[in-house]
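Q: Taking this note's numbering, the leading residue of the sequence shown gets 1, the next gets one more, and so forth.
Where is the CB? At the ideal position from N, CA and C, for every residue including glycine.
Everything numeric in this text was worked out from a predicted model, so none of it was measured.
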Amino acid sequence: MVAENFMGKYLADYTFEDLIGMTRKQLMALFYQLDAPDMGEMRGEYRAMLLDSGYIINRILARLYLHFTWGDWQHKAFEPLGEAHGHGYNTFITDQTILYENYYAAAFMKLVSVFKSFFRTNSPRRLARIMLNRTSMVTSVFDGRPSFQLRYRDYNTFFTSTMTDEVRKVNDRLYLGIGRLTVTFGKYNPMPFVLIGPPGPWTGPDIPWPENTRR
Numbered sequence: 001m002v003a004e005n006f007m008g009k010y011l012a013d014y015t016f017e018d019l020i021g022m023t024r025k026q027l028m029a030l031f032y033q034l035d036a037p038d039m040g041e042m043r044g045e046y047r048a049m050l051l052d053s054g055y056i057i058n059r060i061l062a063r064l065y066l067h068f069t070w071g072d073w074q075h076k077a078f079e080p081l082g083e084a085h086g087h088g089y090n091t092f093i094t095d096q097t098i099l100y101e102n103y104y105a106a107a108f109m110k111l112v113s114v115f116k117s118f119f120r121t122n123s124p125r126r127l128a129r130i131m132l133n134r135t136s137m138v139t140s141v142f143d144g145r146p147s148f149q150l151r152y153r154d155y156n157t158f159f160t161s162t163m164t165d166e167v168r169k170v171n172d173r174l175y176l177g178i179g180r181l182t183v184t185f186g187k188y189n190p191m192p193f194v195l196i197g198p199p200g201p202w203t204g205p206d207i208p209w210p211e212n213t214r215r
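#1: Near T23, what residues of its chain come up, given a Cβ to Cβ distance below 6 Å and the 5 sequence neighbours on each side ignored?
#2: Could you tell me the boundaries of the beta strand (DSSP E) in which V138 lies?
#3: Would A77 and W209 be called neighbours here (beta carbons separated by less than 8 Å)?
#4: In the DSSP output, what is H85 paired with across the bridge?
#5: At what residues does the beta strand (DSSP E) containing F78 begin and finish?
#6: Look up R215 in the DSSP assignment and say whether it is helix, strand or coil.
#7: Along the chain, where does the beta strand (DSSP E) containing Y104 start, and where does it finish?
#8: Any idea what DSSP makes of D95, helix, strand or coil?
#9: Give the secondary structure of G165 by DSSP, where H, G and I count as helix, E and B as strand, and everything else as coil.
#10: What does the alpha-carbon distance come out to for the pair G54 and F68?
#11: Buried or exposed: G82, going by 16 or more other Cβ atoms within 10 Å of its Cβ?
#12: Find the nearest neighbour of F16 within the set Y188, P146, G177, judged by alpha-carbon distance.
#13: Since I believe K169 is in contact with D35 (beta carbons under 8 Å), could you give me their beta-carbon distance rounded to a whole number of angstroms?
#14: What is the DSSP secondary structure of E4, reduced to helix, strand or coil?
#15: Rounded to a whole number of angstroms, what is the C-alpha to C-alpha distance between N156 and L132?
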């Protein structure tokens with residue numbers, strides 16, 4: 001059962017600012033105290049932001065991997081498809097007309113975009129919905145308890161295919177996520193993030209779901 005308070009404050013009163021002020025060690029300690037949300041409640045677009053990831057190299061890598069390649073990360077979105085599974089996507093602010101899911105194609109097009117910016121020929125900034133994932137309820141690799149999981153390998157290429165997220169509920173407005181990538185030592189180098197509600201409506205990704213993995 002989830003703890004009622006953490007570090008002297010009731011979880012029901014926790015806000016985004018409380019999580020921003022925590023170290024990675026404190027965030028992991030909080031994660032261990034939380035329960036997984038129900039699959040059915042994770043619906044819509046939740047505002048998403050990175051939290052303290054410990055080592056400075058992690059912050060640099062996150063900046064390069066997310067911001068430089070795809071743009072400013074905005075949301076994680078979810079749609080339940082049953083009691084124990086669903087799917088989702090991420091959103092980014094970009095000035096690219098087409099934002100590729102493939103890391104290498106996206107990085108190349110970002111370089112093209114930077115070049116075009118010198119001539120002021122970039123397209124208007126927009127919200128792109130990409131980076132698909134499959135959601136399910138799993139046993140956590142961190143403590144063996146239930147977690148809401150986002151798995152990317154079904155829809156994405158390397159590096160993104162090595163990414164897996166786990167999410168647990170702080171309160172009705174706040175969720176703590178822990179990301180990991182195999183290429184950055186997986187569970188031994190966790191990357192915390194926060195999801196903030198209430199969520200916006202589910203819109204769906206910019207690209208169609210593969211027919212054989214939709215459900």
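A: Taking the coordinates as given:
#1: Position 23 of the sequence shown, counted from the first residue, corresponds to residue 23. Here the set comprises D52.
#2: On the sequence shown, position 138 is the one that residue 138 refers to. Segment 126-139, the beta strand (DSSP E) holding V138.
#3: Taking the first residue of the sequence shown as position 1, residue 77 is located at position 77. Taking the first residue of the sequence shown as position 1, residue 209 is located at position 209. No; because the gap between Cβ atoms is not below 8 Å, this pair is not in contact.
#4: As a working note, residue 85 is residue 85 in the sequence shown. DSSP links H85 through a beta bridge to S136.
#5: Position 78 of the sequence shown holds residue 78. Taken as a continuous stretch (DSSP letters only), the beta strand (DSSP E) holding F78 covers 72-80.
#6: Counting from 1 along the sequence shown, the entry for residue 215 is found at position 215. Unreliable positioning characterises R215 in this predicted model, as indicated by a pLDDT of 49, which lies under 50. The coordinate reading is nonetheless provided below. In the three-state scheme derived from DSSP, where H, G and I count as helix and E and B as strand, R215 is classed as coil.
#7: As a first step, residue 104 must be located in the sequence shown, where it is residue number 104. Annotation for Y104: no beta strand (DSSP E) segment contains it, though the alpha helix (DSSP H) segment containing it runs 103-117.
#8: As a first step, residue 95 must be located in the sequence shown, where it is residue number 95. Here D95 sits in coil by DSSP.
#9: Residue mapping note: residue 165 aligns to position 165 of the sequence shown, counting from 1. Before going further, note that residue 165 is Asp rather than Gly in the sequence given. In the structure shown, D165 adopts extended strand secondary structure according to DSSP, grouped into three states.
#10: Here residue 54 refers to the residue found at position 54 when the sequence shown is read from its first residue. Here residue 68 refers to the residue found at position 68 when the sequence shown is read from its first residue. Computed Cα separation, rounded: 20 Å.
#11: Position 82 of the sequence shown, counting from 1, holds the residue named residue 82. With fewer than 16 Cβ atoms within 10 Å of its Cβ, G82 is classed as exposed.
#12: The sequence position of residue 16 within the sequence shown is 16, counting from 1. Out of Y188, P146, G177, the CA that lies nearest to the CA of F16 is found in G177.
#13: Position 35 of the sequence shown holds residue 35. Position 169 of the sequence shown holds residue 169. Correct: roughly 6 Å between the Cβ atoms.
#14: What you label residue 4 is simply residue 4 of the sequence shown in a count that begins at 1. In the structure shown, E4 sits in coil (DSSP, three-state: anything other than H, G, I, E or B).
#15: Locating residue 156 in the sequence shown gives position 156, where the first residue counts as 1. Locating residue 132 in the sequence shown gives position 132, where the first residue counts as 1. N156 and L132: Cα-Cα distance of roughly 7 Å.
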